[in-house]
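Enquirer: Protein chains in written order, with my numbering: chain V, -16 to 70; chain A, 22 to 788.
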Amino acid sequence: PPCKARIYTNHWAVRIAGGPEVADRIAEKYGYRNMGQIGDLRDHYHFFHSRTIKRSTLSSRGRHSFISMEPKVEWIQQQVVKRRIKR
Amino acid sequence: DFKQAPLLSLSSPHCNDDVHNCQSDMNIMGAWKRGYTGKDVVVTILDDGIERNHPDLYQNYVSVYVSLHSHSFPRHGTRCAGEVAAAANNSHCIVGIAYNARIGGVRMLDGDVTDMVEARSLSLNPQHIDIYSASWGPDDDGKTVDGPATLARQAFENGIRTGRKGRGSIFVWASGNGGRSRDHCSCDGYTNSIYTISISSTAESGRKPWYLEECSSTLTTTYSSGENYDRKIITTDLRHRCTDSHTGTSASAPMAAAIIALALEANPLLSWRDVQHIIVKTSRAGHLSAPDWKTNAAGYNVSHLYGFGLMDAEAMVKEAERWKQVPTQHVCVESADRQIRTIRPEHVVRSVYKATGCTDNPNHHVIYLEHVVVRITITHPRRGDLSINLTSPSGTKSQLLANRLFDHSMEGFKNWEFMTTHCWGEKAAGDWVLEIYDSPSQLRSQKVPGKLKEWSLVLYGTSVHPYSTGHIDKPQFADLDEEFPEEYPGPCDSECSENGCWGPGPHHCINCLHYFLKFKNNTRMCVSECPSGFFRDDRKRCKKCSSSCETCVGSRSDQCTTCRSGFNLIEGSHTCVANCPDGFYLDNSNIFRRCQENCKKCTASNICTECKPGMSLQANKCQMTCDPGTYYNGHRRTCEPCHRACATCTGVEACTKCADGYLLEDWRCVLTCSATYYLSEQTSDNGQVQRCDSSCYECLGPGERNCSSCNSGYNLEAGACVVSTICKDANEESWAEGSFCVLVKKNNLCQRKVLQQLCCRTCSQKG
């Protein structure tokens, strides 16, 4: 069967403890923009990187990837497009 | 004591059903009449947004519960929202089920959907939004296995834990629409989550819509449009329009969300689990047709197509009004079975796990089940060839996965969580049986067979009966509360099941061990057997037989098995009657048995006393009435002529009267008497021929002394035939012997046959 290629976007979900200011500072440091908390999920933030490919079959690699080494970054996930159908 | 809300007078042009005056089996009107319209409840539609200024919606539309994007083509969302909260007293399209609820919309489907987008939508304003309705999901193509990723999962858990001020957000989800592509909604992680209320659809006819998928995680059902011959769901549409082309489970989910909104208005304190319990208790199988309806061990009817059945808004708000929160949820994660088993084509792998329900850990101890999750890891060359069943200790079988014809994936399942609701209310402890079938749909390489790597059970439920703390099921005797303490320490009546009781009597049981009688005042009494005059139905309830039955198998008058006194069963029907109907007789076992054919009245099977018209009674049998000179031939069932010598007869050799010039001799008509017969002269016999005495060969009259000739070996002596032996007499015999015959005669012993024969001459001589 044809393999389903994953489509990576230029959006990330990041879990950073310490509040929005800390998140803003780290986002700025690696070229992201903090788009705010994800819904009601405390310490989870939506980061957007305008200088990476908007849609790609490869996950994004570059200087911005070092954000995962920040001690305060507990978890990070590049967002993948999911196929969702209206029923 | 319900609130006196002004009653709506419906004047919708789309409701011209004057027979049921727009009553729907979901009893929406009943809930409205109790004053519930969704007031103070907030529902949001996770979709492609809502048209803000639709005339039916804008009164209830609240932008603050909307995601930040502008709405471009919110068709799907607008339709869903209309079913929930189209305002009342409008003249445009319809009225929403919760026409006073506030409605928002999250536009999330017409851009890239990612884990983050889902999580943001599912966790939007959980302290203000009560119900999230989602009419979307992974592709229903029959080959996708997908579900909430990390963030979306966290959003569910967060909403359940903290939403609605800790009572838990309500997530309503449209179950699958991939019926035609043989999809199974167990491969949809959203409907398979215990946190979502998975909604199925049925058409008004109660038949399965073409798009519907089966699966064990479906909880309940609402109407949707079905086939073109079914009536349609009507709802709001784009550009201020109205449409009837909204179909599929996506029409059902918002309907369910609106019904839940009514229940939340009736009792805002309901937790997310309370809502699911109420749905399980009030949903009804009704007229929904499904091949697999079954009653689980807790007495609930459930099917893979419709869950626990059609939602009942009125019943839900009634339950909500007096509901007491269910005990805290316990989660018992049973240890995993990691024994690797090969799954061979055309074979079944059966694995039995003895669950304890975590008895050793009171904080995790589960006795009464809610959801059951089975976490399974399987490798397999073609996933669609797999089907999986789980059977609970009480014997309830759930189909966790059906074959999926189009699923050619080689990925198998990695820790996939299948979920069933079918064991709701059953006991957790006992043997759970997992069966995995491999049924190849086409040729497949045998090199790499499937393997069950690991499976484990996660049991959700409570350690005390969810309704035992004086719950709503308690008998409604006002004085009972005073009479019995809140917690009845026992003992319970022997007819109570293990669920316990709140009083000593058989009518204080929570559930019955065997059967129960229900009284007009809604109380129940447990019994070991249904009393006479009652039969037990498939829900263990004793129902009344028809008045003439003593015992029966159904309530109709033709379903008796024994009769009350004064009534008797009619053979061949199960009907009891007081009087013996024509054509029947009462046999010694008091059953009205059928008389023989053509018999109108009889006293026994072979004794007819009155024949049906056109038949004549002959020797207790009914035969066709034949003309004189003919007789009824039973074999040919026709009248046939008698012998020409007979005037009347009952058979070809059974004359009853002879023609002129003939004599009746032994059912035959003869011209002259044959030997051993004589012609009697009695008038009554009209010259009938009689048989001579058996000692004569020929005779002149009746008796043994009218013989005229004898059979060989006999001599005729004075009209009688005696044995022709040489007679001994006194003269010839030696003195000693001669004197013997003299003595015989003298002692009058001649009438002894042996002596008479011996001394026949002496005995025959006079004097």
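Note that CB positions come from ideal geometry on N, CA and C, so glycine has one too.
(1) Taking 9 Å as the CB-CB limit, is Gly22(V) close to chain A?
(2) Where Phe540(A) and Cys563(A) are concerned, what is the direct C-alpha to C-alpha distance, given to the nearest angstrom?
(3) Can you tell me which of Ser460(A), Lys468(A) and Leu480(A) puts its alpha carbon nearest to the alpha carbon of Pro414(A)?
(4) For Thr241(A), count the other beta carbons within 10 Å of its own beta carbon; 16 or more makes it buried, fewer makes it exposed. Which is it?
(5) Is it buried or exposed, Met431(A), if we count other Cβ atoms within 10 angstroms and call 16 or more buried?
(6) Check whether the Cβ atoms of His385(A) and Ser419(A) lie closer than 9 Å to each other.
(7) What does Thr441(A) pair with, by DSSP beta-bridge criteria?
(8) Just tell me which of Ser626(A), Thr646(A) and Thr624(A) has its CA closest to the CA of Pro634(A).
(9) Rounded to a whole number of angstroms, what is the C-alpha to C-alpha distance between Lys561(A) and Leu607(A)?
(10) Do you know how far the Cα of Arg262(A) is from the Cα of Ala336(A)?
(11) Kindly identify the DSSP beta-bridge partner or partners of Gln148(A).
(12) Establish whether the CB of Ala6(V) and some CB of chain A are separated by less than 9 Å.
(13) Report all residues from its chain with a CB closer than 6 Å to the CB of Asp265(A); omit the five preceding and five following residues, and keep chain order.
(14) Which chain V residues are close to Thr270(A), counting only those with a beta carbon under 7 Å from its beta carbon?
(15) For a contact defined as C-beta to C-beta under 7 Å, what are the partners of Gly158(A) on chain V?
(16) Using a 10 Å radius around the Cβ and a threshold of 16 neighbouring Cβ atoms, would you call Asn17(V) buried or exposed?
(17) Residues in the same chain with beta-carbon distance under 6 Å from Lys678(A), minus the five sequence neighbours each way, listed in chain order, please.
(18) Could you give the first and the last residue of the continuous alpha helix (DSSP H) run that contains His97(A)?
(19) Please classify Thr239(A): does DSSP put it in a helix, a strand, or coil?
(20) Please list the terminal residues of the continuous beta strand (DSSP E) segment that includes Leu233(A).
(21) Tell me the DSSP secondary structure of Gln60(V) in three-state form.
(22) Strictly under 9 Å for the Cβ-Cβ distance: is Met137(A) near chain V by that measure?
(23) Taking only beta carbons into account, state which residues of the stretch 405 to 436 of chain A come closer than 7 Å to chain V, listed in chain order.
(24) Tell me whether Leu478(A) is buried or exposed, calling it buried when 16 or more other Cβ atoms sit within 10 Å of its Cβ.
(25) I need the boundaries of the beta strand (DSSP E) containing Pro312(A), first residue and last residue.
(26) Distance, Cα to Cα, Lys339(A) vs Asp7(V)?
(27) Determine whether the beta carbon atoms of Ala279(A) and Val127(A) lie at a separation below 9 Å.
(28) Please report whether the beta-carbon of Thr257(A) lies at a distance below 9 Å from any beta-carbon of chain V.
(29) With a floor of 4 residues, list each alpha helix (DSSP H) that falls wholly inside the stretch 313 to 383 of chain A, ordered by position along the chain.
(30) Tell me, which residues are paired with Pro662(A) by DSSP?
(31) For Arg726(A), which residues of its own chain have a beta-carbon under 8 Å away from its beta-carbon, when the five flanking residues on both sides are left out?
(32) What does Asn589(A) pair with, by DSSP beta-bridge criteria?
(33) Just checking: is the beta-carbon of Thr239(A) within a distance shorter than 9 Å of some beta-carbon in chain V?
(34) What residues in the stretch 42 to 59 of chain V have a beta carbon less than 9 Å from any beta carbon of chain A?
(35) Using the beta-carbon of each residue, which ones in chain A are nearer than 9 Å to Ala(-4)(V)?
(36) For His97(A), return the contacting residues in chain V, with the cut-off set at a CB-CB distance below 8 Å.
Expert: On the basis of the data shown:
(1) Counting from 1 along the first sequence, the entry for residue 22(V) is found at position 39. Yes, because at least one Cβ of chain A sits closer than 9 Å to the Cβ of Gly22(V).
(2) On the second sequence, position 519 is the one that residue 540(A) refers to. On the second sequence, position 542 is the one that residue 563(A) refers to. So the two alpha carbons sit approximately 10 Å from each other.
(3) For the purposes of this step, residue 414(A) is taken as the residue at position 393 of the second sequence. The option with the nearest alpha carbon to Pro414(A) is Leu480(A).
(4) Here residue 241(A) refers to the residue found at position 220 when the second sequence is read from its first residue. Its Cβ being crowded by 16 or more others within 10 Å, Thr241(A) is buried.
(5) As a working note, residue 431(A) is residue 410 in the second sequence. Exposed, because fewer than 16 other Cβ atoms sit within 10 Å of the Cβ of Met431(A).
(6) Sequence index remark: in the second sequence, residue 385(A) carries index 364 (1-based). Sequence index remark: in the second sequence, residue 419(A) carries index 398 (1-based). Not closer than 9 Å, so no.
(7) Residue 441(A) sits at position 420 when you count from the first residue of the second sequence. Thr441(A) is bridged to Val393(A).
(8) Here the question's residue 634(A) lines up with position 613 in the second sequence. Looking at the Cα atoms, Thr646(A) is the closest of the given residues.
(9) Position 540 of the second sequence, counted from the start, is the residue given in the question as residue 561(A). Position 586 of the second sequence, counted from the start, is the residue given in the question as residue 607(A). Their Cα atoms are separated by approximately 35 Å.
(10) Here the question's residue 336(A) lines up with position 315 in the second sequence. Here the question's residue 262(A) lines up with position 241 in the second sequence. So the alpha carbons of these two residues sit roughly 33 Å apart.
(11) Stepping through the second sequence from its first residue, residue 148(A) is reached at position 127. Note: Gln148(A) sits in no beta bridge, so no partner.
(12) Here the question's residue 6(V) lines up with position 23 in the first sequence. No, because no Cβ of chain A sits closer than 9 Å to the Cβ of Ala6(V).
(13) Within the second sequence, residue 265(A) is the residue found at index 244, counting from 1. If we look at Asp265(A) and ignore the five residues flanking it on each side, its Cβ neighbours are Lys253 and Ile255.
(14) As a working mapping, residue 270(A) is identified with position 249 in the second sequence. The answer, in chain order, is Arg70.
(15) Along the second sequence, one-based indexing puts residue 158(A) at 137. By Cβ distance, chain V contributes Arg67, Ile68 and Arg70.
(16) On the first sequence, position 34 is the one that residue 17(V) refers to. Classification for Asn17(V): buried.
(17) Sequence index remark: in the second sequence, residue 678(A) carries index 657 (1-based). So the list reads Ala668 and Thr669, once near-sequence residues are dropped.
(18) As a first step, residue 97(A) must be located in the second sequence, where it is residue number 76. Taken as a continuous stretch (DSSP letters only), the alpha helix (DSSP H) holding His97(A) covers Arg96 to Ala106.
(19) Taking the second sequence and counting its residues from 1, one reaches residue 239(A) at position 218. DSSP places Thr239(A) in coil when its eight states are reduced to three.
(20) For the purposes of this step, residue 233(A) is taken as the residue at position 212 of the second sequence. Premise fails: Leu233(A) is in no beta strand (DSSP E) and is neither H nor E.
(21) Here residue 60(V) corresponds to residue number 77 of the first sequence, with the count starting at 1. Reduced to three states, the DSSP call for Gln60(V) is strand.
(22) Taking the first residue of the second sequence as position 1, residue 137(A) is located at position 116. It does; some Cβ of chain V falls within 9 Å.
(23) His429 and Ser430
(24) Here residue 478(A) corresponds to residue number 457 of the second sequence, with the count starting at 1. Buried.
(25) As a first step, residue 312(A) must be located in the second sequence, where it is residue number 291. No beta strand (DSSP E) holds Pro312(A); DSSP gives it neither H nor E.
(26) Against the second sequence, residue 339(A) aligns to sequence position 318. Against the first sequence, residue 7(V) aligns to sequence position 24. Each residue's alpha carbon lies about 51 Å from the other.
(27) One-based indexing of the second sequence puts residue 279(A) at position 258. One-based indexing of the second sequence puts residue 127(A) at position 106. Cβ atoms of Ala279(A) and Val127(A): not closer than 9 Å.
(28) Taking the second sequence and counting its residues from 1, the one referred to as residue 257(A) is at position 236. Judged by the 9 Å Cβ criterion, Thr257(A) is not in contact with chain V.
(29) 334 to 342
(30) Your numbering for residue 662(A) matches position 641 in the second sequence. DSSP output for Pro662(A) lists Thr651(A) as bridge partner(s).
(31) For the purposes of this step, residue 726(A) is identified with residue 705 of the second sequence, where counting begins at 1. Only Ala739, Gly740 and Ala741 meet the Cβ criterion.
(32) For the purposes of this step, residue 589(A) is taken as residue 568 along the second sequence, with counting starting at 1. Per DSSP, Val598(A).
(33) On the second sequence, residue 239(A) is found 218 positions in, with the first residue counted as 1. Output row for Thr239(A): interface = no.
(34) Trp58
(35) Taking the first residue of the first sequence as position 1, residue -4(V) is located at position 13. In chain order: Thr135, Asp136, Met137, Ala140, Thr171 and Leu172.
(36) On the second sequence, position 76 is the one that residue 97(A) refers to. Correct list: Lys69.
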